[in-house]
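Below is one structure, written out as structure tokens; the observations come after it.
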Amino acid sequence: MALIIQKYGGSSLETPEKIKFVAEKVVKEKRKGNDIVVVVSAMGKTTDNLIKLAREITPFPPERELDLLLSTGEVVSVALLCMAIENLGQEAEGFPGYFAGIKTDSFHTKAKIQEIQPARVKEEIEKGKIVVVAGFQGLSPENAITTLGRGGSDLTAIALSAALKADRCEIYTDVEGVFTADPKKVPNARLIPVLSYEEMLEMASSGAKIMQSRAVEFAKKYNVVFVVKSTFKEGEGTMVKEVDLKEGVVVSSVSLDEEQAKITIFRVPDRPGIAGKIFSALGEANINVDMIVQNIGRDNYADISFTVNISDLEKAVKIIEEVKKEIGAEKIIPDKDIVKVSIIGVGMMNQPGVAGRMFKALANENINIEMISTSEIKISCVIRRKDGEKALRILHREFIET
Ligand code: ASP
Ligand code: MG
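Here the working numbering is used: the first residue of the sequence shown is 642, the next is one more, and so on.
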């Protein structure tokens, strides 16, 4: 008998019919003789709608109350799924996150799990019940309900797997697993059977939205092996675990981030402390900067370009306008017409020449590279938006289809 954690995302619970389908799936697994803990997200777009609702009351809702509001979405799913399970003649016990013993810090809307005391969950498992836990939420030291950041149900599932020492952790979603590229854009994309934590993390930061990054980081830290698979289609899915570097392929996936924007500051005085001023101002406003390029200075001036998430562009430009006056730069040009294309693979660590091959493949198709950044297992290029999907297909052909 195994203990299995199953997490179902919002798209798998969107309608009463889908909830009933999930209940059947869960009960089937239970009747094989396994113990099951189910972690659920809110139905469909519930969380987005709750955020909208709060903003209709006030543009900047207080975070503590926002968490209280958002946590209700997952609780609805718990209650409905328990009803559906009991309707099939199997006993179920539902828990909001705080009753499941999930303790967090006090950072509302992006709280971190500090510990899990799953005694109540274990008790109900021992009674033979299917336990259903609301994802995305916990309890702060002040006894307030917190949420774990968008996509946080993934984290609940991974953390519960670690705390309960589950035999299997299954993340059910609306795709069949992790693909070598977005199958909607690259028809030849294929399912990746096994992937390392590192590759999964790099994919998340390169525009592939499959799982919450914090959940993957947690899994890596506590060595939780998990599988990403489809709720509605049979299949093996993608297993994510520690992978021996020697077994890794050079490039396991290519991805396209279409939510990037570039800002260039022209004629910035080339002296110590200027970059510090620019980027700490952005950091203070909680704006994440991804790539940074400074060209070679001439007559004591240089141009600096960097990328931010497109949703932060306006805010970033406002901040830089202020800094510009202070440092005496010439002008600022925002550019939404860019995307970031990346190749990822643990095998590139011990394989020279991968970057050259990437740049050449793009050049052969006349695609100009504007910025480059690399990590041990990823190479990213900023290119024009119109070239994005073509670049993705070219790189997929170059590194994966051959
Ligand atoms: N419902 C939350 C969200 O939409 C948490 C989750 O789905 O994992 O972000
Ligand atoms: Mg999700």
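Cβ coordinates follow ideal geometry from the N, Cα and C atoms, glycine included.
**Asked** For residue 795, is the beta carbon positioned less than 7 Å from some heavy atom of ligand 1?
**Response** Yes, since a heavy atom of ligand 1 falls inside the 7 Å radius drawn around the Cβ of residue 795.
**Segment limits, beta strand (DSSP E) that includes residue 880** = Where residue 880 is concerned, the enclosing beta strand (DSSP E) stretches over 879 to 882.
**Prompt:** Excluding sequence positions up to five away, which residues of its chain have a Cβ less than 6 Å from the Cβ of residue 880?
**Reply:** 835 and 868.
**Item:** Range of the contiguous beta strand (DSSP E) that encloses residue 932
**Value:** Element bounds for residue 932: 930 to 935.
**Request:** Measure from the alpha carbon of residue 786 to the alpha carbon of each residue in 818, 704, 916 and 796, then state which is nearest.
**Result:** Its Cα nearest to that of residue 786, the residue 704 stands out among 818, 704, 916 and 796.
**Request:** Measure the C-alpha to C-alpha separation of residue 967 and residue 919 and round it to an integer number of angstroms.
**Result:** Answer to the nearest angstrom: the Cα atoms are 10 Å apart.
**Request:** Report buried or exposed for residue 939, applying the criterion of at least 16 other Cβ atoms within 10 angstroms of its Cβ.
**Result:** Exposed, since its Cβ has fewer than 16 Cβ neighbours within 10 Å.
**Asked** How many Å lie between residue 731 and residue 889 at the Cα?
**Response** Going from the Cα of residue 731 to the Cα of residue 889 covers about 43 Å.
**Request:** State the start and end residues of the unbroken alpha helix (DSSP H) segment that holds residue 855.
**Result:** Its alpha helix (DSSP H) spans residues 854 to 862.
**Item:** Any non-hydrogen atom of ligand 1 within 7 Å of residue 777 CB
**Value:** Yes, ligand 1 has a heavy atom inside 7 Å of this Cβ.
**Asked** So residue 1011 packs on residue 995, CB below 8 Å; how close in whole Å?
**Response** Not really, about 20 Å apart at Cβ, beyond 8 Å.
**Request:** Could you have a look at residue 693 and say whether DSSP puts it in helix, strand or coil?
**Result:** The DSSP-derived three-state label of residue 693 is helix.
**Asked** So what does DSSP say about residue 827, is it helix, strand or coil?
**Response** Secondary structure of residue 827 (DSSP, three-state): coil.
**Prompt:** Can you tell me the Cα-Cα spacing of residue 855 and residue 643, whole angstroms?
**Reply:** Using only the alpha carbons, I get a separation of about 26 Å.
**Prompt:** Roughly how many whole angstroms lie between the Cα atoms of residue 826 and residue 668?
**Reply:** Rounded to the nearest whole angstrom, the C-alpha separation of residue 826 and residue 668 is 36 Å.
**Asked** Which same chain residues, not among the five before or five after residue 717, have their C-beta less than 8 Å away from its C-beta?
**Response** Closer than 8 Å at Cβ, skipping near neighbours: 683, 684 and 687.
**Asked** In angstroms, rounded to a whole number, what distance separates the CA positions of residue 944 and residue 937?
**Response** Taking the Cα positions, residue 944 is about 8 Å away from residue 937.
**Message:** Rounded to whole angstroms, what is the Cα-Cα separation between residue 773 and residue 830?
**Reply:** Annotation: residue 773 to residue 830 spans about 35 Å, alpha carbon to alpha carbon.
**Asked** Is the Cβ-Cβ distance between residue 923 and residue 902 less than 8 Å?
**Response** Judged by their CB atoms, residue 923 and residue 902 are not nearer to each other than the 8 Å cut-off.
**Asked** Should residue 649 be labelled buried (16 or more other beta-carbon atoms within 10 Å of its own) or exposed?
**Response** Burial call: buried.
**Request:** State yes or no: is the C-beta of residue 818 within less than 8 Å of the C-beta of residue 898?
**Result:** For the 8 Å CB-CB criterion, residue 818 and residue 898 do not form a contact.
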